[in-house]
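Participant: Chains as they are written, first to last, in the numbering used here: chain U, 1 to 186; chain P, 1 to 87.
The structure is given below, and queries will be raised subsequently.
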Ligand SMILES: [Zn+2]
């Protein structure tokens, strides 16, 4: 009986899968979608032979479902932004002068020591991710959090390696700037 | 000579692919003489560690659970769609 399977899987692994997706997608609705798509795929192909446990099997499925959602999120944005990107453009004028020198020199970051500081720092980081343009944030999450390699990202998104590097560069520049401005310690 | 703008691009790219040997040498030389880009390099490494810590915090937070309503929606959706497949 199909319903019983899904119920069992969700009782057993639902919270785990939900957190796994939420950590990568940062959006509760998208995380729920990822779990749902995983259950649909699991029902269709109800076998985990060759995998050590049902959890490993379901985790393997949800990894792909997360990429599907991230791809959609990035590709639904206007394409012009994607093809406009060029390493020689002027989008970095906020950071560098005409001769390529830093306008504001990066500071030394003392990483948070105490658990409380750590919590505050991660809360700030989370806000900074929210402030990034959605497409850049999704790509950054795909690369640095979901740890998909660059080649696969380019294939999934049908963008060039240069496009990917430029967007990741922008995302990281934006994040580090945001952290410098908003992370107040002590 | 690399500018800081170029050096910062190579620092970011080095997180995504192995740099070519000439780029690696030029970047290493720039970082050797430039404090600002050295700090930037350290910042990106710390940023990556931090976002992975953020991921770990969510993954390991047992207070975060699949909401019961979400679970009900999923069960209904899956059984609806498998029924419609059978007809
Ligand atoms: Zn420099």
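Glycine included, every Cβ here is placed at the ideal spot set by N, Cα and C.
Owing to the predicted nature of the structure, the values given are computational and were not obtained by experimental measurement.
Quick one: Cα of residue 25 (chain U) to Cα of residue 60 (chain P), how far?
Facilitator: Start at 1 with the first residue of the first chain, and residue 25 (chain U) comes out as number 25. Start at 1 with the first residue of the second chain, and residue 60 (chain P) comes out as number 60. One C-alpha to the other measures close to 15 Å.
Participant: When the Cα atoms are used, what is the spatial distance from residue 16 (chain P) to residue 168 (chain U)?
Facilitator: Sequence index remark: in the second chain, residue 16 (chain P) carries index 16 (1-based). Sequence index remark: in the first chain, residue 168 (chain U) carries index 168 (1-based). Approximately 9 Å, taken between the alpha carbons.
Participant: May I ask you to report which of helix, strand or coil DSSP gives residue 102 (chain U)?
Facilitator: Reading the first chain from its first residue, position 102 is the one you call residue 102 (chain U). If DSSP states are grouped into helix, strand and coil, residue 102 (chain U) belongs with the strands.
Participant: Of all the CB atoms in chain P, is at least one closer than 9 Å to the CB of residue 40 (chain U)?
Facilitator: For the purposes of this step, residue 40 (chain U) is taken as residue 40 along the first chain, with counting starting at 1. Taking Cβ atoms only, chain P reaches closer than 9 Å to residue 40 (chain U), which makes this a yes.
Participant: Quick check on residue 168 (chain U) - is its C-beta less than 9 Å from some C-beta in chain B?
Facilitator: Among the chains of the structure shown, chain B does not appear; the protein chains present are U and P.
Participant: Counting pairs of beta carbons, one from the segment 133–151 of chain U and one from the segment 176–183 of chain U, are three or more of them closer than 8 Å?
Facilitator: no
Participant: For residue 95 (chain U), list the residues DSSP reports as bridge partners.
Facilitator: Numbered from 1 along the first chain, position 95 holds the residue referred to as residue 95 (chain U). Partner(s): none; residue 95 (chain U) has no beta bridge.
Participant: Of the residues that make up the segment 10–27 of chain U, which ones have a beta carbon closer than 8 Å to any beta carbon in chain P?
Facilitator: 10, 14, 15, 17, 18, 19, 20, 22, 23, 24
Participant: Taking only runs that begin and end inside the segment 25–86 of chain P, name each unbroken alpha helix (DSSP H) of 4 or more residues, in chain order.
Facilitator: 35–59, 68–86
Participant: How far does the alpha helix (DSSP H) with residue 143 (chain U) in it reach, from first residue to last?
Facilitator: For the purposes of this step, residue 143 (chain U) is taken as residue 143 along the first chain, with counting starting at 1. Note, residue 143 (chain U): premise wrong, no alpha helix (DSSP H); not H, not E.
Participant: CB residue 44 (chain P) to CB residue 26 (chain P), shorter than 9 Å?
Facilitator: Residue mapping note: residue 44 (chain P) aligns to position 44 of the second chain, counting from 1. Residue mapping note: residue 26 (chain P) aligns to position 26 of the second chain, counting from 1. Contact: no.
Participant: At a Cβ cut of 7 Å, what residues of the segment 98–109 of chain U count as close to chain P, listed as they run along the chain?
Facilitator: 99, 100, 101, 102, 105, 106, 107, 108, 109
Participant: Quick check on DSSP: helix, strand or coil for residue 108 (chain U)?
Facilitator: Within the first chain, the letter at position 108 stands for residue 108 (chain U). Here residue 108 (chain U) sits in coil by DSSP.
Participant: Here's a check: name, in chain order, each residue in its chain whose Cβ is nearer than 6 Å to the Cβ of residue 165 (chain U), leaving out the five neighbours to either side.
Facilitator: Counting from one through the first chain, the residue named residue 165 (chain U) turns up at place 165. For residue 165 (chain U), where only same-chain residues beyond five positions count, there are no Cβ hits under 6 Å.
Participant: Is residue 8 (chain P) close to ligand 3? I mean its beta-carbon at under 8 Å from any heavy atom of the ligand.
Facilitator: Ligands in the displayed structure: ligand 1; ligand 3 is not one of them.
Participant: Can you give me the Cβ contacts of residue 41 (chain U) inside the same chain, cut-off strictly under 6 Å, excluding the 5 residues immediately before and after it?
Facilitator: One-based indexing of the first chain puts residue 41 (chain U) at position 41. Cβ within range, chain order: 61.
Participant: Suppose the cutoff is 8 Å on Cβ atoms and the five residues either side in sequence are ignored; what does the same chain contact list for residue 8 (chain U) look like?
Facilitator: Counting from 1 along the first chain, the entry for residue 8 (chain U) is found at position 8. Excluding residues within five positions, none has a Cβ falling inside 8 Å.
Participant: Measuring straight from C-alpha to C-alpha, what distance separates residue 100 (chain U) and residue 41 (chain P)?
Facilitator: Taking the first residue of the first chain as 1, we reach residue 100 (chain U) at position 100. Taking the first residue of the second chain as 1, we reach residue 41 (chain P) at position 41. Approximately 16 Å, taken between the alpha carbons.
Participant: My understanding is that residue 39 (chain P) touches residue 107 (chain U), with C-beta atoms under 8 Å, so please give their C-beta distance in whole angstroms.
Facilitator: As a first step, residue 39 (chain P) is located in the second chain; it is residue number 39 there, counting from the start. As a first step, residue 107 (chain U) is located in the first chain; it is residue number 107 there, counting from the start. At roughly 7 Å, the Cβ-Cβ gap stays under 8 Å, so residue 39 (chain P) and residue 107 (chain U) are in contact.
Participant: Within the present structure, is the beta-carbon of residue 102 (chain U) separated from the nearest heavy atom of ligand 1 by less than 8 Å?
Facilitator: Residue 102 (chain U) sits at position 102 when you count from the first residue of the first chain. Checking every heavy atom of ligand 1 against the Cβ of residue 102 (chain U), one is found closer than 8 Å.
Participant: Could you tell me which chain U residues have their CB closer than 8 Å to the CB of residue 55 (chain P), listed as they occur along the chain?
Facilitator: In the second chain, residue 55 (chain P) corresponds to position 55, counting from 1. Under the 8 Å cutoff, chain U gives 23, 24, 145.
Participant: For residue 49 (chain P) versus residue 23 (chain U), is the C-beta spacing smaller than 9 Å?
Facilitator: The count along the second chain starts at 1 and reaches residue 49 (chain P) at position 49. The count along the first chain starts at 1 and reaches residue 23 (chain U) at position 23. No, Cβ-Cβ distance for residue 49 (chain P) and residue 23 (chain U) is not below 9 Å.
Participant: Quick check on this structure: which residue in U:113, U:159, U:94, U:114 has the alpha carbon closest to the alpha carbon of residue 105 (chain U)?
Facilitator: Residue 105 (chain U) sits at position 105 when you count from the first residue of the first chain. Ranking the options by Cα distance to residue 105 (chain U), first place goes to U:94.
Participant: For the alpha helix (DSSP H) containing residue 38 (chain U), name the first residue and the last one.
Facilitator: Position 38 of the first chain, counted from the first residue, corresponds to residue 38 (chain U). Residues 28–44.
Participant: Alpha carbon to alpha carbon, how far is residue 65 (chain U) from residue 21 (chain P)?
Facilitator: If you number the first chain from 1, residue 65 (chain U) lands on position 65. If you number the second chain from 1, residue 21 (chain P) lands on position 21. Computed Cα separation, rounded: 37 Å.
Participant: At least one CB of chain P closer than 9 Å to the CB of residue 36 (chain U): is that the case?
Facilitator: What you label residue 36 (chain U) is simply residue 36 of the first chain in a count that begins at 1. Yes, residue 36 (chain U) counts as interfacial toward chain P.
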